[in-house]
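Q: Starting off with a structure, shown below.
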Ligand SMILES: Cc1ncc(C[n+]2csc(CCOP(=O)(O)OP(=O)(O)O)c2C)c(N)n1
Ligand SMILES: Cc1ncc(C[n+]2csc(CCOP(=O)(O)OP(=O)(O)O)c2C)c(N)n1
Ligand SMILES: [Mg+2]
Ligand SMILES: [Mg+2]
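Protein chains in written order, with the numbering used here: chain P, 1 to 325; chain S, 1 to 325; chain R, 1 to 329; chain V, 1 to 329.
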């Protein structure tokens, strides 16, 4: 087991999969010569050359469509969105071409495409560059949606995503690229899509969180430990398909649940999780499932407002205390 | 009070608002010479001329962006999406330009834009042309989202949308254009955005439904009446902002709730409503909030499969019976 | 408009093949229109009638391992590529033996067996897909070519520009064939485009553009043939504007198509029916006889009847098909 | 490249105004870079240094009631339009007296008071907005003009094509000014575009296209002036390619910008600093003296210091601002 950054883990996953399968190629803005806007693809051009590391002009719909078309002919494209904010320009290709192709063709043409890049809140990038974009994807039948929270997951899930025969939306995080963690060096280290991880065991309350929010939740859990509240933390890892069994299992044990979500709260991932829990485990609940979400406003630039926009530790703490009261 | 079709009611609303305010204009594919792909704009070119009824080439992002830019300079564009399926190509302009402009400019530039057209399931139009598109919008701070279920609402809500100083997503339905209903002729008949309607009073269970699903729910309610189950039906009318007070009021009375939604179920509107109800009215609930939603598959073409995809009366009935058991 | 002198000598085998294909498309669609009126087919049905020479001429310039991709008006392209008319009709009927088990319908015909990459419903969206297929061919070291058919209505969409730029920049073996039938639904081309000579868009990207008479199957075959050769040898894209006309309305829901064009215009254009023109040419050249024409007509009619019978006999997809193919396992 | 002989006689007032504006932009941004390094400014900060002649020359060709709209690299365009540098700096600091109360930041400067329609962060997205502003002007019967600045990186985006087509088709009074600084982040233009002479895209749409030396403020003023006149009188769009260079990295996070271009290239281009070139020209023509230059330098420095002091003194937006302006009541 090596210790490496989240960024290095992604890079390693890409390298391993490209070495393993000549059909895998990487395409996107600045992925080659520039070594990636966030350096995730660093060194890949050098190792694999221009044929397989393809710098594109700025035309998200065009090059994502190229990814879909190439996948129909049997290649396995990994398309980088410089940040996921720009994926909105490629959304038609993702939703109407990639996600529906297998279905519309009655199974003749599947689309083994990965669209990856950083998403979610980033430091003071304001309304257009700091959005939780998963909401545009997890509703869509035909897509899989991954949000990897640790370096080890980044590697194991990206490798599974690349080997998956379906379009996978893989949303990383700018704010996690530099974190370090243990990453298995085994080139066959795969984490199956659709399996949640229990990040911390506990008995009093289940907290569901991923990405930056997971780390905030872990800190809060430590603090609450001192007060005798034992927090279990579940990281869904894949949002679609969602590992409902693990979530329900935990809630059936703790009888209480708080869902944390960085994005705006209305009709978000937290809504789905809360709705499912109350539907499936109503009698197990000692309190309503609470949601702590980003506020329902665009992301402001000013640092002080930005801090208010995304769930703070204080808000998470208060919500957990509330459901445990 | 006149009786007219939903289509005529929309047409009337457009005419009245265009007569009232010279800043209002209509733009979109086939809205003029062709009188509208679904004839909602019939006769408008004749009455208002080419300056105010603007046929566009097929370039949804381009002409929606023109709408946003024109709105910044004080016009009040009504942009038609031939069907809302195509709005995905304009999503960046709606989400990143229209919805965020007021915020990013600190209130200097607001965007009084209406984007309207039919959405939701339509007869055998298959995966790309038969989607419940509201899911791409109601999550977005800065937008308002309307789904008008009756001819009267179509008129009153469209007029409010046009007079609103913010971008409003107004999604009609192909399958409702021909239905008839009472429509006030008063040119000042406005239904405020954000106010739900109780479509049927009842005491045993609250059903939340809109558009085609509302009519299905009404039929089911009649059937259940015979069995002594009294169904209250709430039509949210506006999805963002959601009239949570009316919904909660009803649920606090009936203690049971079923949410119906035509679109795919995972992380849809039903999820939000169910999550909110359990959060706010947990102790009032005698059963978990049930969701009856479209199946998690793209829309198939074959008629028999299509019927299985969207919530049937049988499924709605079963869900209501289940929560009332 | 550049036109091209048809190849001097018309080979009988070729003549028979081209005419049969055009006739098949015509009769197949006439029958589909009937079936639509009878409620056997639902949704949207966009007929290709009047434009048959384009699909047939273009496909005749290709090898069978080349690829085609099209919009929702794709029955003709799919048939020309060699799909089984029975399975297409079954697809239109929404039946299990349809190309896509009835899940795609008229707008979404796909046939992997003949390298037909589908009918696509979002205007402009398949232009990048064609580029992607071209990219894959080059990546895999193949020498196939991709034909991408689209309407004049797709030209104002951003993806037209993105695709042409990418294909020109990366030298991808794609032949873009714009079937300019002068209208996008009810919008005449001069109300949609600042540049109505669509082939001229090619210039800016430094690629070859050419206009061709879309009613002349041989002219199309020649013109596309040159483009295909360029694509195969030099891996460069071409933009072809095939000038044609749709004889019917935009779809079965716009049967007359009479609001935006005059009856006279439609009648005048019907005088240049590509099937009639080519039949006459074949007779004049002596490539085919009247008897040949009758035989072709008969064979095609039988094929279409058979397609209907096949579709009728095919079962509906079973309920579990709703959930298959959402993902590939 | 077409270049234009600078107007024969250089007026002192004009010279002073142009030079002052260019200097103001330069010093303002140098200061902003300092403040960024000190952590007073967060997020992305894209400097316009090297390109000042474009914004200043173009704006000088306009009336004050004309409109401008730009990308995220818009400090220069906003300052040239006449915005108060103090309020811009306060915006960069995320403070309440900023143009947008600190909610927009560097990439989203808006100033309704001077008809500045904003800085926009999604590449290509503001091109349709400019067309919309042009549409509104025409609708309202006005005679204003819209300047739309964007980078070479926006040209491959679909909205470039959609906007040019719509403006040409509908004859909208928009002047599209592509600031070709040869790179979109690290992507040199020949790696992004099949046609690197960007002004030539105009041809296909039947509108006027022109290239201009983006380091020559007077040439830009003349070139844009002609386009503005056309737009004002005939309501027609123009595409201008201003050839320029960014002296700094793409943003403060790419300080060197050295992976994708050589140091030699950067040094060579810096020899054509638009401010130095224009200063020399002013001296040579006798329009300004060395003393004038000093005075300008001093005035600008004071203005920038004042802007910083103003920004420092301005309070953070109060918490309730998180929820205001989401909707207009
Ligand atoms: C993006 C998008 N916008 C609108 C439509 C609705 N629509 C379907 S076909 C069509 C006209 C297309 O015309 P053209 O490209 O000329 O093809 P033709 O129908 O003439 O073959 C329109 C507007 C669509 N399918 N996709
Ligand atoms: C749609 C979109 N894709 C990608 C980006 C990320 N991005 C920001 S600036 C930029 C380069 C733009 O270059 P250019 O248009 O030449 O402008 P310049 O920075 O040179 O002024 C990129 C790729 C973005 N903001 N928007
Ligand atoms: Mg057409
Ligand atoms: Mg540039």
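Every residue, glycine too, gets a C-beta built ideally from N, C-alpha and C.
One question on the structure: do residue 322 of chain R and residue 297 of chain S come within less than 8 Å of each other, judged by their Cβ atoms?
A: yes
Q: Do you know how far the Cα of residue 127 of chain P is from the Cα of residue 329 of chain V?
A: Spanning the two alpha carbons is a distance of roughly 20 Å.
Q: Taking only beta carbons into account, state which residues of the region 83 to 111 of chain P come closer than 8 Å to chain R, listed in chain order.
A: 92, 93, 96, 97, 101, 102, 103, 104, 105, 106, 107, 108, 109, 110
Q: Check each candidate in S:268, S:255, S:295, S:267 and name the one with the smallest Cα separation from residue 277 of chain S.
A: Answer by Cα proximity: S:255.
Q: Could you say which of P:171, P:157, P:196, P:262 lies nearest to residue 115 of chain P if we only look at CA atoms?
A: P:171
Q: Would you mind working out which of V:127, V:248, V:192 sits nearest residue 262 of chain V, comparing C-alpha positions?
A: V:248
Q: Please report the straight-line C-alpha distance between residue 49 of chain S and residue 133 of chain P, rounded to a whole angstrom.
A: 41 Å
Q: If distances are taken between C-alpha atoms only, which option among V:141, V:316, V:95, V:64 comes closest to residue 115 of chain V?
A: V:64
Q: Do residue 79 of chain R and residue 252 of chain R have their CB atoms nearer than 8 Å?
A: The answer is no: Cβ separation not under 8 Å.
Q: Within the 8 Å Cβ cut-off, does residue 225 of chain S reach chain V?
A: no
Q: Report yes or no: is there a C-beta of chain S within less than 8 Å of the C-beta of residue 71 of chain V?
A: no
Q: For the beta strand (DSSP E) containing residue 120 of chain R, list its first residue and its last residue.
A: Note, residue 120 of chain R: beta strand (DSSP E), 116 to 120.
Q: Please state the DSSP three-state secondary structure of residue 3 of chain R.
A: Here the model assigns residue 3 of chain R a pLDDT of 46, short of 50, so the residue's position is not dependable and the matter cannot be decided.
Q: Given a threshold of 16 other Cβ atoms within 10 Å of its Cβ, counted over all protein chains shown, does residue 237 of chain R qualify as buried or as exposed?
A: buried
Q: In the region 56 to 73 of chain S, which residues sit with their C-beta less than 8 Å from some C-beta in chain V, listed in chain order?
A: Listed in sequence order: 56, 57, 59, 61, 62, 63, 64, 65, 66, 67, 68, 69, 70, 71, 72, 73.
Q: Counting only Cβ-Cβ distances shorter than 9 Å, please list the residues of the region 60 to 86 of chain R near chain P, keeping chain order.
A: 67, 69
Q: Any idea which residues DSSP pairs residue 183 of chain R with across the strands?
A: R:188
Q: Sorry if obvious, but does the Cβ on residue 58 of chain S come closer than 7 Å to a heavy atom of ligand 1?
A: yes
Q: Who are the neighbours of residue 165 of chain S on chain A, taking C-beta pairs under 7 Å?
A: Among the protein chains of the structure shown, namely P, S, R and V, there is no chain A.
Q: Using a C-beta cutoff of 8 Å, does residue 203 of chain R count as contacting chain V?
A: For residue 203 of chain R, the closest Cβ of chain V is nearer than 8 Å.
Q: Using CA coordinates, which residue listed in V:281, V:284, V:69 is at the minimum distance from residue 146 of chain V?
A: Per the C-alpha coordinates, the member of V:281, V:284, V:69 positioned closest to residue 146 of chain V is V:69.
Q: Name the chain R residues whose beta carbon is nearer than 8 Å to that of residue 141 of chain P?
A: 326
Q: Compare the C-alpha of residue 227 of chain P against each of P:183, P:152, P:166, P:320 and name the closest.
A: P:320
Q: Could you tell me whether the Cβ of residue 298 of chain S comes closer than 8 Å to any Cβ of chain P?
A: yes
Q: Do residue 55 of chain V and ligand 4 come close, with the Cβ less than 7 Å from some heavy atom?
A: no
Q: Which residues have their C-beta within less than 6 Å of a heavy atom of ligand 4, listed in chain order?
A: V:151, V:152, V:153, V:181, V:183, V:184
Q: Would the region 91 to 101 of chain V and the region 307 to 318 of chain V be scored as touching if the rule is three or more Cβ pairs under 8 Å?
A: Short answer: they touch.
Q: Going by the DSSP bridge assignment, what does residue 238 of chain S pair with across the sheet?
A: S:146
Q: With DSSP collapsed to three states, give me the class of residue 164 of chain P.
A: coil
Q: Using the beta-carbon of each residue, which ones in chain S are nearer than 8 Å to residue 314 of chain V?
A: Per Cβ cutoff of 8 Å: no residues; residue 314 of chain V is ~13 Å from chain S at best.
Q: So, with DSSP's three-state summary, where would you put residue 7 of chain S?
A: In the structure shown, residue 7 of chain S sits in a helix (DSSP, three-state: H, G or I).
Q: How would you list, in chain order, the residues of chain V whose beta-carbon sits under 9 Å from the beta-carbon of residue 156 of chain R?
A: Simply 161, 162, 165, 166, 169.
Q: Relative to ligand 2, is the shortest distance from any of its heavy atoms to the C-beta of residue 299 of chain P smaller than 7 Å?
A: no
Q: Express the C-alpha separation of residue 303 of chain S and residue 103 of chain R in angstroms, rounding to a whole number.
A: 9 Å
Q: Considering residue 149 of chain V, what are the terminal residues of the alpha helix (DSSP H) in which it resides?
A: That residue, residue 149 of chain V, is in no alpha helix (DSSP H); its beta strand (DSSP E) goes 146 to 151.
Q: Residue 308 of chain P to residue 319 of chain V, Cα distance in whole Å?
A: 8 Å
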